[in-house]
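Residue 92 in our numbering sits at position 24 of the sequence shown; the count goes up by one each step and never skips.
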Amino acid sequence: QRGLPPGASKRRMFTRLEHTATWASLIRVHRRHGTTERVLDDEEIAFWARKIANAAAKSNGPTYVAWGTEWLDAPLTNAKALDTALDAIKPNAFTYDWYGTRHKRPSVVKIPAKSTSTIADMFAAAAS
69 QRGLPPGASK RRMFTRLEHT ATWASLIRVH RRHGTTERVL DDEEIAFWAR
119 KIANAAAKSN GPTYVAWGTE WLDAPLTNAK ALDTALDAIK PNAFTYDWYG
169 TRHKRPSVVK IPAKSTSTIA DMFAAAAS
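Structure representation (structure tokens):
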């Protein structure tokens with residue numbers, strides 16, 4: 069918060085999380101101004117970990133966290149701290165290994181070696 073009168077202190081705004089989609093949850097943590105204050109302190113990380121754990125318990129799908137804290141590596145620092153805090157609440161429940169599961173995802177189309185490389189062959193391989 070900027071432009072506060074002398075003696076006033078920053079405060080956390082009310083946070084309301086609503087489920088608006090059945091397939092997933094998206095939570096965005098945002099800091100509009102500043103530099104080092106875009107790196108959340110332990111108290112704020114704990115606050116978000118509790119909020120996210122509670123929201124995820126009511127969700128039917130994955131919970132994604134987007135960081136609007138761009139300043140140097142603040143988004144990565146915040147993500148790592150949140151991952152550690154969430155892991156303390158419920159170990160291994162909030163991390164998904166995208167890279168490790170890349171060959172298991174249905175979006176990866178495997179074309180047989182004997183196939184020609186036409187577009188029709190790729191569509192036929194994807195349908196089977």
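Beta carbons are placed, not taken as given, at the ideal position from N, Cα and C, and that holds for glycine.
Minimum C-alpha distance to THR152 - residue among TRP91, ARG118, THR88 and ALA193:
Of the listed residues, the one whose Cα sits closest to THR152 is ARG118.
TODO: Check the DSSP bridge columns for ILE95 and list the partner residues they point to.
DONE: In the DSSP assignment, ILE95 forms a beta bridge with VAL133.
**Q.** 4-residue-minimum alpha helix (DSSP H) runs that sit fully inside the stretch 96-128, ordered along the chain
**A.** 110-125
- In angstroms, rounded to a whole number, what distance separates the CA positions of ASP155 and GLY102? Here the C-alpha atom of ASP155 lies approximately 28 Å from the C-alpha atom of GLY102.
Give me, in chain order, the residues of the same chain whose beta-carbon lies closer than 6 Å to that of GLY129; leave out the 5 immediate sequence neighbours on both sides. Once the five neighbours on either side are set aside, the close Cβ partners of GLY129 are TRP91 and ALA92.
ask   = What is the rounded straight-line gap between the Cα of ASN122 and the Cα of PHE162?
value = 12 Å
In chain order, what residues of the same chain have a beta carbon less than 7 Å from the beta carbon of ILE113, not counting five sequence neighbours either side?
If you ignore the 5 residues before and after ILE113, its C-beta comes within less than 7 Å of the C-beta of ALA149, LEU150 and ALA153, all in its own chain and listed in chain order.
Quiz item: Which residues in the same chain as LEU140 place their Cβ atom closer than 6 Å to its Cβ, once the five residues preceding and following it in sequence are excluded?
Solution: none
message: Helix, strand or coil, according to DSSP, for ASN146 in the structure here?
response: helix
**Request:** Would you mind giving the Cβ-Cβ distance between LYS78 and LEU72, rounded to the nearest angstrom? I have them listed as a contact below 8 Å.
**Result:** 7 Å
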